[in-house]
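Chains as they are written, first to last, in the working numbering: chain A, 387 to 533; chain B, 8 to 185. Scroll down for the structure; my scribbles are underneath it.
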């Protein structure tokens, strides 16, 4: 029988403070019962150490592996995705709600015709002005008046 | 050991800032210990592997919540303990115990002695076995074990000491055969 005072399991497992260890060792030197108990505990723990540590059969998936990647629905919860979604919706709504007013084909044609006529008149006016200037210059330099 | 702890602390700090490689290295350092702890606890390699995977995934996700990086080991094994017992609770109705192996003969080889120890551990309750795993194989202090198991130190000691007494009886026979 070992003495109640000494915890040989704690001693063997390294849980005693240095002064407690010394006290226990001093006692064990003179107590056969405690030496026997200590030997039993040590033998048990030594035998337990015979258990072989096994290799990990395959590597643990690391952070970069798929298992650590966010779930597919997490992508849709990202702030950037939500912001892009809101922006796209706003553009579509704007395009739908703010449409240009309906126009009449005939009135457009009339306005085009009027613009063309104004442009033609402008060109004819400029040509006439140019003719007059050329004629004046010709008469001034040659003195000949063309009929 | 001291240098290793310092390096782990550094890796944890980097991993918390999003350094993936630092976490990868942390996993490679701890996977063997965690796997073996889980293997002895759940007694099935595939389950131990799956639970190990889950442990490191949860640890990665919870890393920002780790208050004290110095207590990373106890924190990691706390996660492993929770995951293992979650699996064991799901298994409970089936009474899934590790398969019994045949009687050991005389002159045990190291592999046979290892199997004898495995068998002896298998006879303990899950709580007793876990106490032995954390103390004898993982080297945690009583206080760390209490943190991992979320129970008082007195409970930890009670489980461990009962387990060691039972193992002493079982393994005594094995040792006499050597």
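Every residue, glycine too, gets a C-beta built ideally from N, C-alpha and C. Computed from a predicted structure; not experimentally measured.
Pair every Cβ in the stretch 70 to 88 of chain B with every Cβ in the stretch 150 to 162 of chain B, then say whether three or more of these pairs are closer than 8 Å.
Flag = yes, the stretch 70 to 88 of chain B and the stretch 150 to 162 of chain B touch.
Considering only residues of the same chain and omitting the five flanking positions on each side of residue 94 of chain B, which have a CB-CB separation below 8 Å?
So the qualifying residues of the chain are 49, 54 and 58.
Indicate the three-state DSSP secondary structure (helix, strand or coil) for residue 142 of chain B in the structure shown.
Correct three-state label for residue 142 of chain B: helix.
In the DSSP assignment, the alpha helix (DSSP H) including residue 391 of chain A goes from what residue to what residue?
Premise fails: residue 391 of chain A is in no alpha helix (DSSP H) and is neither H nor E.
Mind checking if residue 395 of chain A is an interface residue toward chain B, Cβ cutoff 7 Å exclusive?
Answer yes: the Cβ-Cβ gap between residue 395 of chain A and chain B drops below 7 Å somewhere.
Which same chain residues, not among the five before or five after residue 22 of chain B, have their C-beta less than 8 Å away from its C-beta?
Counting only Cβ-Cβ distances below 8 Å, and skipping sequence neighbours, we find 29, 30, 33, 67 and 70.
Strictly below 8 Å CB to CB, what residues from chain B border residue 437 of chain A?
47, 121, 124, 125, 128 and 144, listed in chain order.
Please determine, among B:52, B:139 and B:84, the residue with the shortest C-alpha to C-alpha distance to residue 427 of chain A.
For residue 427 of chain A, the nearest C-alpha among the options comes from B:139.
Using the beta-carbon count (16 or more within 10 Å), is residue 84 of chain B buried or exposed?
The residue in question, residue 84 of chain B, is buried, as its Cβ has 16 or more Cβ neighbours within 10 Å.
Is there a C-beta anywhere in chain A that falls below 7 Å from the one on residue 152 of chain B?
Answer no: the Cβ-Cβ gap between residue 152 of chain B and chain A never drops below 7 Å.
Secondary structure at residue 54 of chain B, three-state DSSP: helix, strand or coil?
Here residue 54 of chain B sits in helix by DSSP.
Between the stretch 162 to 173 of chain B and the stretch 134 to 148 of chain B, do three or more beta carbon pairs fall short of 8 Å?
Flag = yes, the stretch 162 to 173 of chain B and the stretch 134 to 148 of chain B touch.
Using a C-beta to C-beta distance shorter than 9 Å, which residues of chain B count as neighbours of residue 426 of chain A?
Here the neighbours are 175 and 179.
Taking DSSP as the reference, what is the three-state secondary structure of residue 481 of chain A?
In the structure shown, residue 481 of chain A sits in a helix (DSSP, three-state: H, G or I).
Give the DSSP-derived three-state secondary structure of residue 422 of chain A in the structure shown.
Residue 422 of chain A falls in the helix class under three-state DSSP.
Relative to the C-alpha of residue 27 of chain B, which residue among B:64, B:47 and B:51 is closest?
With distances taken between Cα atoms, residue 27 of chain B lies closest to B:64.
Do you know offhand how far residue 472 of chain A's Cα is from residue 484 of chain A's?
Looking at the two C-alpha atoms, the distance is approximately 18 Å.
Do you know offhand how far residue 396 of chain A's Cα is from residue 467 of chain A's?
The straight-line gap from Cα to Cα measures roughly 58 Å.
Just confirm the distance between the C-beta atoms of residue 160 of chain B and residue 147 of chain B, as a whole number of angstroms; I'd bet it's less than 8 Å.
Residue 160 of chain B to residue 147 of chain B, Cβ: 12 Å. No contact.
Could you give the residue range of the alpha helix (DSSP H) that holds residue 70 of chain B?
Taken as a continuous stretch (DSSP letters only), residue 70 of chain B belongs to no alpha helix (DSSP H), as it is neither H nor E.
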